[in-house]
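In our numbering, the protein residues as written are 5 to 95.
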């Protein structure tokens, strides 16, 4: 038995009652602080979140955010930065 899309009894799965609740990730709160945090203001589609994260962290093909003065610092890996910081603090 199939129910056609044009019948009056058709209901999309999103508005159908379920026996247990599920979470699709579409109503998750996002909190950001620091550089590029302003990109996370307002209501966002869930597929834009990883693209904004990649843009803000200079990862991937959309690296235009790293073309400024801090581009060399942004491209350094975390272990290199932490190693330099600890060597300056403890030597």
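For glycine and all other residues, C-beta sits at the position ideal for the given N, C-alpha and C. Keep in mind the model is a prediction, meaning the values are calculated, not measured.
Could you round the C-beta distance between residue i and residue j to whole angstroms and report it? I think they count as a contact, below 8 Å.
| i | j | result |
| --- | --- | --- |
| residue 34 | residue 48 | 7 Å |
In this structure, does DSSP put residue i in helix, strand or coil?
| i | result |
| --- | --- |
| residue 56 | helix |
| residue 51 | coil |
| residue 35 | coil |
| residue 87 | helix |
Classify residue i as buried or exposed, calling it buried when 16 or more other Cβ atoms lie within 10 Å of its own Cβ.
| i | result |
| --- | --- |
| residue 60 | buried |
In whole angstroms, what separates the C-alpha of residue i from that of residue j?
| i | j | result |
| --- | --- | --- |
| residue 39 | residue 45 | 13 Å |
| residue 91 | residue 23 | 57 Å |
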